[in-house]
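Reading through the structure tokens given below for one structure.
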Amino acid sequence: ENMNHYLSISEKNIWILIQEKIQEKVTPQQFTTWFSGLNLIKLTTKEIHLRAPNSFCSEWIENNYMDAIMLSLKEASISNRKVKFVIDNSSSESELSAQNNYPFLNTNSSANINKNYNYNNFLVGPCNRLAHAAALAVSESPGTTYNPLFIHGSVGLGKTHLLHAILLRLQEKGHKALYLPCESFVNHYISTIKTDDWDNFRNKYRQIDVLLIDDVHFLANSQSTREEFFHTFNALYTRQKQIVLSSDCPPEEIPTIEERLISRFRWGLITRIDPPGFETSVAIIQKKISLLKMDISYDVACYLADNVVSNIREIEGTLTNIHKYATMNKSKIDLSLVKQIIKGFSKQKHNIGIEKILNIVTKYYGVQLSQLHSKRKLRSITLPRQIAMHLARKFTNLSLEEIGGYMGGRDHTTVMHADYKIKKLKTLDRNISSTLRKLENELTKKNEY
Ligand code: ADP
Ligand code: MG
2 ENMNHYLSIS EKNIWILIQE KIQEKVTPQQ FTTWFSGLNL IKLTTKEIHL
52 RAPNSFCSEW IENNYMDAIM LSLKEASISN RKVKFVIDNS SSESELSAQN
102 NYPFLNTNSS ANINKNYNYN NFLVGPCNRL AHAAALAVSE SPGTTYNPLF
152 IHGSVGLGKT HLLHAILLRL QEKGHKALYL PCESFVNHYI STIKTDDWDN
202 FRNKYRQIDV LLIDDVHFLA NSQSTREEFF HTFNALYTRQ KQIVLSSDCP
252 PEEIPTIEER LISRFRWGLI TRIDPPGFET SVAIIQKKIS LLKMDISYDV
302 ACYLADNVVS NIREIEGTLT NIHKYATMNK SKIDLSLVKQ IIKGFSKQKH
352 NIGIEKILNI VTKYYGVQLS QLHSKRKLRS ITLPRQIAMH LARKFTNLSL
402 EEIGGYMGGR DHTTVMHADY KIKKLKTLDR NISSTLRKLE NELTKKNEY
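Each residue of the sequence shown is one higher than the one before, counting from 2 in the working numbering.
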């Protein structure tokens with residue numbers, strides 16, 4: 002490959018733009034871990050070449066972040082290009098230390114900690130009461146009550162917040178506790194393969210009282226890391242050290258995960274956080290309002306609770322947007338202003354259009370809209386077709402007939418059947434449930450106005 006291709010000014014700007022778009026779709030931690038080491042080296046009308054620091058990095062991105070990249074490219078108005086990864090082997094690997102090879106690896110875990118994610122700022126409601134109580138118990142007496150503590154729930158519901166709260170409380174009490182996103186663990190493991198410094202690796206995770214690993218569903222992607230995680234788990238557990246884990250799904254739904262890990266997770270307590278109900282949403286909104294020092298009436302808080310998707314991260318995002326808007330325009334925040342601002346926001350039903358669903362599904366499966374419309378009965382086409390119908394049922398207000406119309410003129414019983422079938426598959430097939438989760442996250446992710 003031509004590593005010395007010089008980018009024009011406009012290409013450099015495009016890369017900056019693409020990076021910004023990616024940044025909107027992943028957490029800051031994920032961005033530093035995977036994307037800051039990435040470079041655009043070539044852009045043609047058909048292809049875009051990205052240089053990755055190593056093959057592990059490029060494979061990880063291909064397995065986990067292609068949707069984010071494709072969407073970002075589209076938003077930067079350069080869609081329809083094939084993404085190719087080029088591995089940076091300009092300098093031989095033996096010359097580089099692991100740190101140089103992974104300049105983006107943040108092993109200093111205190112950098113990942115948000116001090117605001119403490120118990121004081123965590124609002125308790127029916128949706129998270131059990132998880133909160135279990136977290137408190139673990140903070141009180143680590144290693145004795147619930148071990149491991151496994152908290153799951155979909156994005157933006159407070160898992161990271163709770164893990165931080167446990168960590169902060171334990172640190173206050175002088176315990177040696179370590180928090181890290183699962184991807185950092187994976188990354189550290191992979192870099193250790195290169196340096197062979199296993200003493201250092203094992204000491205880091207095994208000489209502590211409490212290990213908190215966030216988003217363990219990422220273990221799905223690396224078998225050797227799961228192996229190492231298993232040993233780490235055992236080493237800590239047998240010495241009665243506390244382990245706290247979070248995931249976006251229950252253990253048995255993590256794709257490719259081995260039964261022996263699932264059964265380890267079951268030794269302790271597995272607890273779920275649900276989306277907040279109306280009352281809890283209102284309470285959270287009022288709490289955030291006071292933190293942001295905003296002036297919003299109870300009425301408006303209720304309106305927001307009723308109209309913003311039930312995910313606390315979105316609620317926060319919406320409030321921040323309203324705050325910015327009101328400050329910029331020096332306007333008072335009343336109901337009509339709020340209505341105007343959140344018009345086009347994504348309350349689950351109502352504002353997600355069928356076009357968006359079709360767009361995301363066809364992109365995800367790499368099929369054409371015309372194929373979804375066609376009468377073809379290949380599984381590679383019927384599955385995305387049925388998934389699209391299921392999502393349309395779930396996220397739009399369209400009738401069965403209308404959805405059938407958008408799906409190439411199918412009748413309402415076909416739509417009903419598809420919806421039913423996917424709902425059932427979702428409970429039986431881990432791949433399907435994880436695909437649906439990804440698609441739904443994609444659908445409900447963005448606040449736009
Ligand atoms: P997750 O890790 O489950 O995706 P986070 O812990 O990152 O979600 O939470 C998303 C945002 O919502 C954070 O800013 C967090 O402080 C806030 N949040 C979540 N749950 C609560 C809660 N119960 N009370 C107050 N804020 C919350
Ligand atoms: Mg999180």
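For glycine and all other residues, C-beta sits at the position ideal for the given N, C-alpha and C.
- T281: member of the alpha helix (DSSP H) spanning 279-292, first to last residue.
- DSSP, reduced to helix, strand and coil, places V87 within a strand of the structure shown.
- Annotation for Q224: T257 place their beta carbon closer than 8 Å to its own, counting only its chain and skipping 5 residues before and after.
- Ranked by Cα distance from Y238, the first of S248, D210, D215 is D210.
- In the three-state DSSP reduction, A77 falls in the coil class, being neither helix nor strand.
- For R265, the closest C-alpha among the options H391, A236, L51 is that of A236.
- The beta carbon of L370 is closer than 7 Å to those of L359, T363 in its chain, skipping five residues each way along the sequence.
- L41 has its alpha-carbon roughly 38 Å from the corresponding atom of S375.
- Between E443 and L72, the C-beta gap is smaller than 9 Å, which places the two residues in contact.
- Below 8 Å, enough C-beta pairs join the region 404-411 and the region 380-394 to call them touching: three or more.
- Checking the DSSP bridge columns, you'll see N40 partnered with R52.
- Between the alpha carbons of I263 and R431 lies a gap of roughly 14 Å.
- Set against 8 Å, the gap from the CB of S185 to the closest heavy atom of ligand 2 is not smaller.
- With a contact defined as Cβ atoms closer than 8 Å, I286 and L320 qualify at about 7 Å.
- Bounds of the alpha helix (DSSP H) holding R227 are 224-239.
- Leaving aside the five residues that flank L401 on each side, the residues in its chain whose CB is nearer than 7 Å to its CB run, in chain order, H413, V416, M417.
- Per DSSP, D300 lies in no beta strand (DSSP E) segment; the continuous alpha helix (DSSP H) that holds it begins and ends at 299-308.
- Per DSSP, reduced to three states, the secondary structure at V211 is strand.
- Exposure of Y299 is indicated by the presence of fewer than 16 other C-beta atoms within 10 angstroms of its C-beta.
- Beyond the five residues adjoining it in sequence on each side, S59 comes within less than 7 Å, by CB distance, of A53, F86, I88 in the same chain, given in chain order.
- Around the beta carbon of W61, 16 or more other beta carbons sit within 10 angstroms, so the residue counts as buried.
- Placement of the Cβ of T161 at a distance of less than 8 Å from at least one heavy atom of ligand 2 is found.
- Remark: the shortest separation between the CB of R438 and any heavy atom of ligand 1 does not fall under 8 Å.
- Separation of H133 and K13 (C-alpha to C-alpha, rounded to the nearest whole angstrom) is 46 Å.
- The region 318-338 makes contact with the region 301-309: 3 or more CB pairs, one atom from each, lie closer than 8 Å.
- Secondary structure of Y180 (DSSP, three-state): strand.
- Looking from the CA of T383, the closest CA among I353, G354, I423, A393 belongs to I423.
- Residues R82 of the same chain have their beta carbon placed closer than 8 Å to that of T46, with the five preceding and five following residues left out of the count.
- With a beta-carbon spacing of about 5 Å, T226 and Y190 fall inside the 8 Å limit used to define contacts.
- Judged by beta-carbon spacing, V139 lies within the 9 Å limit of Q243, meaning their Cβ atoms are closer than that value.
- Between the region 147-154 and the region 264-282, the count of C-beta pairs closer than 8 Å reaches three or more; the two stretches touch.
- Membership of F396 in any beta strand (DSSP E) is not indicated; the residue belongs instead to the alpha helix (DSSP H) covering 380-396.
- Distance from the C-beta of Y407 to the nearest heavy atom of ligand 1 is not below 8 Å.
- Under the three-state reduction of DSSP, S59 is assigned to helix.
- Y66 and V27 have their alpha carbons spaced roughly 9 Å apart.
- If you draw a 10 Å sphere on the C-beta of Q208, you find fewer than 16 other C-beta atoms in it, and that means exposed.
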